[in-house]
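One structure is given here, and the rest of the page talks about it.
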Amino acid sequence: MVAALRAISHCWFMSAWRMEAWTMLCLGKGKSSLDWPTRFEICLGVARGLSYLHEESSIRVVHRDIKASNILLDANLNPKISDFGLAKLYDDQKTHVSTKVAGTFGYLAPEYAMRGHMTEKIDVFAFGVVVLETLAGRPNYSTEDENKVYIFEWVWELYENNHPLDMVDQRLEEFDSEEALRAIKVSLLCTQGSPHQRPSMSRVVAMLTGDVEAPDVVTKPSYITEWQITGGNTTYMSTDVSGQPSSAPRPNSPSSRTSSPFLSSVMDEGR
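Residue numbers -23 to -1, 1 to 248, in mature numbering (1 follows the signal peptide of the UniProt record, and there is no 0), belong to the letters of the sequence shown in order.
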């Protein structure tokens, strides 16, 4: 327990400036006061924190709820991972742990949302989403532009058409194109459908810093694309591990209660 608390304290720091303030500055409307170096350092700092939790701490910790609002910024805008209410200790000798799903829609890895399979790679997936949001200056889901509703679809289309840097927040007066391209590749690698295709957080740090070259991404990210709740009915859509669209039965139907008991848990705890 002491070791676990030390691991958590490494990442947690109380600050009056919560990530909600960063969200307003970076993901909101109007001029952003967060320049490129600050955004990049936020991504790198979170990556280092997760690397510590997953690989360097004597007790392996899976956060389970990495998202923009769970990062604190200190007076110097250094990021610290917060809110360990859903965190789980993890035995890295096991392939995965089956657990009740908890977290936030938009950041849930497919294998976790669909089957409750938990490894440290669910944090890697969520980190990839946070990076995309940070670079683009927008949330992962937005209806402001019907062609850019899901950030994954939009970014992947730009990447496939060799215009990945077009996703960078237009409010930024300037940015480092090499850093941006590395971060984009890292985010796409982190959000791959198969957890085995996602890099470890230590490798993420190495790719972001340029110590290791970030490879080209050839497979479209896989993710939960839509939840519709109307009169108690829920429609679930996703892409499978190959990146192709797929759908699952509604969780309130008899068949889905039997075959996918974790979906209702996402509804209860993952919003």
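Every residue, glycine too, gets a C-beta built ideally from N, C-alpha and C.
Treat the numbers as computed from the prediction; the structure is a model and nothing was measured.
Annotation: the continuous alpha helix (DSSP H) that includes L165 extends over 154 to 167. Just so you know, the alpha carbons of V39 and M95 end up roughly 8 Å apart. Collapsing the DSSP output to three states places V126 in coil.
The residues D42, I43, K44, F102, A103, V106, V107, N117, in chain order, have a CB closer than 8 Å to that of Y84 in the same chain once the five nearest residues on each side in sequence are set aside.
As DSSP reads the structure, L50 sits in a beta bridge with P56. Judged by DSSP secondary structure, M184 falls within the alpha helix (DSSP H) whose first and last residues are 178 to 186. Note that the C-beta distance between A191 and L158 is below 9 Å.
With contacts defined by Cβ atoms closer than 9 Å, D100 and H173 do not form a contacting pair. The C-beta distance from V182 to A24 rounds to 5 Å, short enough to fall under 8 Å. DSSP places H173 within a helical segment (H, G or I) once states are collapsed to three.
Here the C-alpha atom of V163 lies approximately 26 Å from the C-alpha atom of S35. CA-CA distance, I58 to T81, rounds to 15 Å. Each of R175, T120, F129, E121 was checked against the Cα of L109, and the nearest Cα belongs to F129. When rounded, the separation of the alpha-carbon atoms in G93 and I201 is 14 Å.
Between L135 and D143, the gap from beta carbon to beta carbon is short of 9 Å. Each residue's CA atom was taken as its position, placing D153 and N138 some 20 Å apart.
A distance below 9 Å separates the beta carbons of D12 and E150.
In this structure G187 is exposed. Its beta-carbon is surrounded by fewer than 16 other beta-carbon atoms within 10 angstroms.
Looking at N53, T111, R37, the one whose alpha-carbon comes closest to that of S46 is T111.
Per DSSP, the beta bridge partners of Y118 are Y127.
Taking the Cα of T196 as reference, the smallest distance to any Cα among P56, L165, M184 is reached at L165. For E18, the enclosing alpha helix (DSSP H) has its first and last residue at 13 to 28.
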